[in-house]
Structure formats: C-alpha cells, structure tokens
Amino acid sequence: MIRVGQRLRVNRAVTKAGELTWYRVRWGDSLSVIAHRFGTSVRQLKRLNGLSGNVIRVGQRLRVNLAVTKAGEVTWYRVRMGDSLWSIAKRFRVSVKDLKILNNLRSSLIRVGRRLMIAS
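Rendered as structure tokens:
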C-alpha cells in the first residue's frame, strides 16, 4: 500500500557505455554536431546508420554508440509537470548549460513528456 507523502525509490533508465541507442535528429543538427555530442566521428556515425551522404532530416532516428561518449553513462529523463531545466540539473547534479548542449536546446523552455539525455 502506498500512502500520501511516502517516498518511493524508482529506477531510472540507464544506458551503459558500449550499448547502442537511438537519437532523434532535431532542428539545427548536422552529422558533425551529433558526432561531436557523442564523442565519435561523422564517418563512424554514417557507417553505423548506413548513410552514404551527409543529408539528415528533422525527426529522423539515428543509432549512436555510447561506448565513445565521454561520460560513460547516459540517463534518459522524461520531463514532468512542474519541471524546469534548473530543477532537473539540480536533481542529477549537472549544469543547465550541459543539459542544453547535450539536448540541443536553444532556450530553457521544455515541454512535459519530452525525454532529456543526461550524462553522468
């Protein structure tokens, strides 16, 4: 039975280094930007996704290898009502600036339901 005010421990989805995960291309992304974000090369990114050219589209899903990410682990967090970048950054002990860079955010506005990548 769960009571009001009771604290619950919840597992976060953690992707360990060496695993592949999906990344959804956002406005302003390029292969070089994505490769830099994950600490890999454009050549490796293209090989992993079977791309022959350099054209990618907003919304396209690309496989990325977290084995080369500098952080080693990535946590995915789904934004909830009342969250702000500041509160999320504080919760995971990262900077707002790092959250914005990692998630290709140009402003501090986030929407409920959005998944944010958090390097730990």
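Residue numbers for the sequence shown, in numbering that gives the first Met the number 0: 0 to 119. All residues carry an ideal CB built from backbone N, CA and C; glycine is no exception. Predicted, not measured: the structure shown is a model, and the values here were computed from it.
C-beta contact flag for residue i and residue j at 8 Å
i: Val73; j: Ala118; result: yes
i: Leu98; j: Leu84; result: yes
Distance, residue j Cα to residue i Cα
i: Arg23; j: Arg60; result: 4 Å
i: Phe91; j: Arg42; result: 32 Å
i: Asp82; j: Arg110; result: 9 Å
i: Ala34; j: Leu47; result: 11 Å
i: Ser106; j: Leu115; result: 14 Å
i: Gly38; j: Met80; result: 32 Å
i: Ser86; j: Trp75; result: 15 Å
Integer Cβ distance of residue i from residue j, believed to fall under 8 Å
i: Arg36; j: Leu101; result: 7 Å
i: Val78; j: Gly112; result: 6 Å
Range covered by the beta strand (DSSP E) that runs through residue i
i: Ile109; result: Element bounds for Ile109: n/a, residue is neither H nor E.
Extent of the continuous alpha helix (DSSP H) run through residue i
i: Leu47; result: Val41 to Asn48
i: Trp85; result: Leu84 to Phe91
Exercise for review: May I ask you to verify whether the region 52–61 touches the region 26–40, counting CB pairs closer than 8 Å and requiring at least 3?
Suggested key: Yes, the region 52–61 is in contact with the region 26–40.
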